[in-house]
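Top line first, the protein sequences correspond to chains R and G. Counting with numbering that gives the first Met the number 0, you get residues 0 to 351 for the letters of the first sequence. Counting with numbering that gives the first Met the number 0, you get residues 0 to 351 for the letters of the second sequence. Written out below as structure tokens is the structure these notes cover.
Number of protein chains: 2
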Amino acid sequence: MLNDKNLYKTPISKYGEFGLIQHLTENFTIKNNSTIKGIGDDAAVLNPENKKVLITSDILVENVHFNLAYTPLKHLGYKSVVVSLSDLAAMNATPEQVIISLAVSNRFPVEALDEIYAGIHAACKRYNVDLVGGDTTSSNLGLVINSTVIGYAEENEIVYRNGAKPNDLLVVSGDLGGAYFGLQVLERENITFKSNPNFQPDLAEYSYVLERQLKPEARTDVKSLLKEMNLHPTSMIDISDGLASETIHLSKQSKVGFAIYEEKIPMDNQVITTAEEFGINPVTGVLNGGEDYELLFTIPVTDYAKIEHNPNFTVIGRATEEENTVLLPKGSSQVIPLTAQGWDPFLNKHEK
Amino acid sequence: MLNDKNLYKTPISKYGEFGLIQHLTENFTIKNNSTIKGIGDDAAVLNPENKKVLITSDILVENVHFNLAYTPLKHLGYKSVVVSLSDLAAMNATPEQVIISLAVSNRFPVEALDEIYAGIHAACKRYNVDLVGGDTTSSNLGLVINSTVIGYAEENEIVYRNGAKPNDLLVVSGDLGGAYFGLQVLERENITFKSNPNFQPDLAEYSYVLERQLKPEARTDVKSLLKEMNLHPTSMIDISDGLASETIHLSKQSKVGFAIYEEKIPMDNQVITTAEEFGINPVTGVLNGGEDYELLFTIPVTDYAKIEHNPNFTVIGRATEEENTVLLPKGSSQVIPLTAQGWDPFLNKHEK
Numbered sequence: 000m001l002n003d004k005n006l007y008k009t010p011i012s013k014y015g016e017f018g019l020i021q022h023l024t025e026n027f028t029i030k031n032n033s034t035i036k037g038i039g040d041d042a043a044v045l046n047p048e049n050k051k052v053l054i055t056s057d058i059l060v061e062n063v064h065f066n067l068a069y070t071p072l073k074h075l076g077y078k079s080v081v082v083s084l085s086d087l088a089a090m091n092a093t094p095e096q097v098i099i100s101l102a103v104s105n106r107f108p109v110e111a112l113d114e115i116y117a118g119i120h121a122a123c124k125r126y127n128v129d130l131v132g133g134d135t136t137s138s139n140l141g142l143v144i145n146s147t148v149i150g151y152a153e154e155n156e157i158v159y160r161n162g163a164k165p166n167d168l169l170v171v172s173g174d175l176g177g178a179y180f181g182l183q184v185l186e187r188e189n190i191t192f193k194s195n196p197n198f199q200p201d202l203a204e205y206s207y208v209l210e211r212q213l214k215p216e217a218r219t220d221v222k223s224l225l226k227e228m229n230l231h232p233t234s235m236i237d238i239s240d241g242l243a244s245e246t247i248h249l250s251k252q253s254k255v256g257f258a259i260y261e262e263k264i265p266m267d268n269q270v271i272t273t274a275e276e277f278g279i280n281p282v283t284g285v286l287n288g289g290e291d292y293e294l295l296f297t298i299p300v301t302d303y304a305k306i307e308h309n310p311n312f313t314v315i316g317r318a319t320e321e322e323n324t325v326l327l328p329k330g331s332s333q334v335i336p337l338t339a340q341g342w343d344p345f346l347n348k349h350e351k
Numbered sequence: 000m001l002n003d004k005n006l007y008k009t010p011i012s013k014y015g016e017f018g019l020i021q022h023l024t025e026n027f028t029i030k031n032n033s034t035i036k037g038i039g040d041d042a043a044v045l046n047p048e049n050k051k052v053l054i055t056s057d058i059l060v061e062n063v064h065f066n067l068a069y070t071p072l073k074h075l076g077y078k079s080v081v082v083s084l085s086d087l088a089a090m091n092a093t094p095e096q097v098i099i100s101l102a103v104s105n106r107f108p109v110e111a112l113d114e115i116y117a118g119i120h121a122a123c124k125r126y127n128v129d130l131v132g133g134d135t136t137s138s139n140l141g142l143v144i145n146s147t148v149i150g151y152a153e154e155n156e157i158v159y160r161n162g163a164k165p166n167d168l169l170v171v172s173g174d175l176g177g178a179y180f181g182l183q184v185l186e187r188e189n190i191t192f193k194s195n196p197n198f199q200p201d202l203a204e205y206s207y208v209l210e211r212q213l214k215p216e217a218r219t220d221v222k223s224l225l226k227e228m229n230l231h232p233t234s235m236i237d238i239s240d241g242l243a244s245e246t247i248h249l250s251k252q253s254k255v256g257f258a259i260y261e262e263k264i265p266m267d268n269q270v271i272t273t274a275e276e277f278g279i280n281p282v283t284g285v286l287n288g289g290e291d292y293e294l295l296f297t298i299p300v301t302d303y304a305k306i307e308h309n310p311n312f313t314v315i316g317r318a319t320e321e322e323n324t325v326l327l328p329k330g331s332s333q334v335i336p337l338t339a340q341g342w343d344p345f346l347n348k349h350e351k
């Protein structure tokens, strides 16, 4: 409903593989000193300048990770970069390069690829990363995007998932739940649209949650925020699945437990009103939804004063000796054990 | 015809995403000092030890790059690593890590993934590379494999495509055409099988060309062979598309032309006999087919004596001033201009 495919005309076959890559990447420029050679040879050549190299890959598949009925292609291109950037932010590294592999239907016009690449370009510009390679091929299967992001860090800057200690504070950046409730709105509108294609929804009141779903941002700024605060997390992960699933990852790898204070979980007002409208507990959305791409990390309790009044971060819990993760509901002495019900691509699908 | 899918039983949903990755990767061990952290965190952490980092990504899509009717899954896993290793060999780099992203149908049983990962494992072992990451997801579209390979080189070891000079010799490793004619045999047998599923073909006489197609090897050994010979190529590329297309890449990027002596092109006897059987000129297969994954490079003519009698390499032509690529047929004064008719995923499909 957000794309008017009738506007697109040029067949991909006009270009062929090499001409197409050249066409799609001609507006990209190299910004980082660590990039010696970008697109145009058998491989990219990078100069890590004595730093450690961090690298991660994510694959996004049509009708599993996104639905083209309500995902603008430009946003999809942007998001494909952001999801991998977020992984590097979660290691406390600085991303500097990205490689995109794309499998697209022959029936896709060049203008559709231009939109995807416009989104990739916007993300590269916003996050100061260089596009240094890629593979573009046809697919009679649908759209698949694989993004690989390369970043750098000094060895002592890197934060793994396995360093949390009992009594550490559990901290989250930004606020949670937006992307999950944005998805609920989009799926509802998509069903409405199918039964009445002339219906023009007014989505202004959902602007924040929709943006969180369609155009998420990676918290690559957290590395410098932490440095300014003289804080070094003992463990860190990004919230691509639900808060429950990510906390359990930290728990398992650090061999500690976690208690999360329900009342401390930061949520935007729009998350709360949208959750109410859908009859879903907003905390359930936060725990089991995903794609907020905020960072979840632990710090020594002795560092509490450093983070207490910082508006970018919220202390939502603490690490415990026993290796299990629980929710402590507001105004109750109840303890709710959490299980990982984060989004699983083999069990859940976006498409209905 | 090579896979008996009835043997496979375990549904992927038994594992979920994280359990599945753990199951698939539990037999992989870390071998290289440059790998600080492999699978299990938000990103892999690598130590380039003052070297330059080289990285490349390739995406393989079902029914575009491979046909599961005649491609054993183990071979497919092996090949998915090899195609990227070959790109690093073409830069004169030493590959040490690989990251695999996989999108598979929910209908695929775990045993099918085990086969793919057995192939990836075999390639990692054969080429001494570490599997350091990956993303596995479902797909209602078919099988997609993206491989990213990371390698290292001293800056002065790296060979680009753009350094060939007029009068340089054009050299190829190994022999050419096998993979193309192997594909012809497989496609013919596949059609025969469709009309008569009980037919058991005897493919022994095609063993070499079939292996070249189904289980190609990357010439990562060439780096040390060249070093022993005290040879530094002025330009290099791997032959993933046809010889014509790759030579034209070197031509365009080095701004020289090339003359290829038809009679010098190294071909196995089985390539010649199979070509004869199919009524195809073997040289046409070499020029326009692909997937041999041999290396094509240029050396100064003054280095001729170093390579003249080496059985691993054949001088097949020379660089010329004028920027065009021609074939000089045997026993003729004719000059045939070559155009890039290499395999193009937007124009050609393996599936008929």
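From the three backbone atoms N, C-alpha and C, an ideal C-beta is built for every residue, glycine too. None of these values were measured; they are calculated from a predicted model.
Nearest-angstrom Cα separation, counted from residue j out to residue i
| i | j | result |
| --- | --- | --- |
| G/G39 | R/K329 | 34 Å |
| R/T34 | G/L53 | 10 Å |
| R/L213 | R/M266 | 18 Å |
| R/S233 | G/V128 | It should be pointed out that residue 233 of chain R corresponds to Thr in this sequence rather than to Ser. Near 30 Å, if we compare the C-alpha coordinates of G/V128 and R/T233. |
| G/E210 | R/L130 | 35 Å |
| R/P200 | R/Q183 | 14 Å |
| G/L45 | G/K193 | 48 Å |
| R/N2 | G/G284 | Unreliable placement is indicated for R/N2, whose pLDDT of 49 sits below 50; the coordinate value is still reported in the next sentence. The alpha-carbon atoms of R/N2 and G/G284 are separated by roughly 43 Å. |
| G/L89 | G/V314 | For the sequence presented, residue 89 of chain G should be read as Ala rather than Leu. Rounded to whole angstroms, G/A89 to G/V314 spans 17 Å at the Cα level. |
| G/D387 | G/K305 | This structure does not reach residue 387 of chain G, given that chain G is present from 0 up to 351, and the question cannot be answered. |
| R/A339 | R/L286 | 9 Å |
| G/E290 | G/A43 | 30 Å |
| G/P310 | G/Q96 | 30 Å |
| R/P336 | G/S104 | 33 Å |
| R/K13 | R/S138 | 16 Å |
| R/L140 | G/I98 | 23 Å |
| R/I11 | R/V109 | 5 Å |
| G/K50 | G/N26 | 29 Å |
| R/E307 | R/K222 | 18 Å |
| R/D86 | G/L59 | 24 Å |
Beta strand (DSSP E) segment containing residue i, residue limits
| i | result |
| --- | --- |
| G/P94 | T93 to V103 |
| G/K193 | Here G/K193 belongs to no beta strand (DSSP E); instead the alpha helix (DSSP H) covers G177 to S194. |
| G/T246 | It is not in any beta strand (DSSP E) - G/T246 instead sits in the alpha helix (DSSP H) that spans L242 to S253. |
| R/G76 | Element bounds for R/G76: not the beta strand (DSSP E) but the alpha helix (DSSP H), L72 to A88. |
| G/Q54 | The displayed chain sequence assigns Ile, not Gln, to residue 54 of chain G. Looking at the DSSP string, the run of the beta strand (DSSP E) that includes G/I54 is K51 to V60. |
For residue i, the nearest candidate out of the options (CA to CA)
| i | options | result |
| --- | --- | --- |
| G/I259 | G/V171, G/D240, G/L202 and G/G289 | G/V171 |
| R/T9 | R/L112, R/N26 and R/M228 | R/L112 |
| G/P47 | G/L84, G/Y151, G/M228 and G/S104 | G/Y151 |
| G/I298 | G/Y292, G/E290 and G/G316 | G/G316 |
| G/K30 | G/R125, G/V208 and G/T272 | G/R125 |
| G/T70 | G/N32, G/N145 and G/P215 | G/P215 |
| G/R218 | G/V208, G/Y205 and G/M235 | G/M235 |
| R/Y179 | R/Q269, R/E61 and R/S85 | R/Q269 |
| R/H248 | R/L169, R/E204 and R/L67 | R/L169 |
Nonlocal neighbours in the same chain, by C-beta distance under 6 Å from residue i, ignoring five residues either side
| i | result |
| --- | --- |
| G/V82 | D57 |
| G/I238 | E245, D291, E293 and L295 |
Where the alpha helix (DSSP H) containing residue i begins and where it ends
| i | result |
| --- | --- |
| R/A122 | V109 to Y126 |
| G/F277 | N268 to F277 |
| R/L225 | V221 to E227 |
| G/N287 | P281 to N287 |
| G/L213 | S206 to L213 |
| R/A339 | From DSSP, R/A339 is part of no alpha helix (DSSP H); its letter is neither H nor E. |
| G/K305 | Y303 to I306 |
Contacts around residue i, its chain only, beta-carbon distance under 7 Å, and the 5 residues preceding and following it disregarded
| i | result |
| --- | --- |
| G/V334 | V325 and L327 |
| G/V282 | E261 and I264 |
| R/E154 | K51 |
Contacts around residue i, its chain only, beta-carbon distance under 8 Å, and the 5 residues preceding and following it disregarded
| i | result |
| --- | --- |
| R/I20 | I38, G133 and T135 |
| R/L23 | L112, D113, Y116 and T135 |
| G/N197 | none |
Closer than 7 Å: residue i CB and nearest the ligand FAD heavy atom
| i | result |
| --- | --- |
| R/I315 | As presented, the structure is devoid of all ligands, the ligand FAD included, so that no description of it is given. |
- Query: Is the number of C-beta pairs between the stretch 72 to 89 of chain G and the stretch 111 to 120 of chain G that are closer than 8 Å three or more?
  - Reply: yes
- contact_flag[the stretch 245 to 256 of chain G, the stretch 151 to 167 of chain G] where n(CB pairs < 8 Å) is 3 or more: yes
- Message: Pairs of beta-carbons, one from the stretch 223 to 239 of chain R and one from the stretch 90 to 106 of chain R, closer than 8 Å: are there three or more?
- Response: yes
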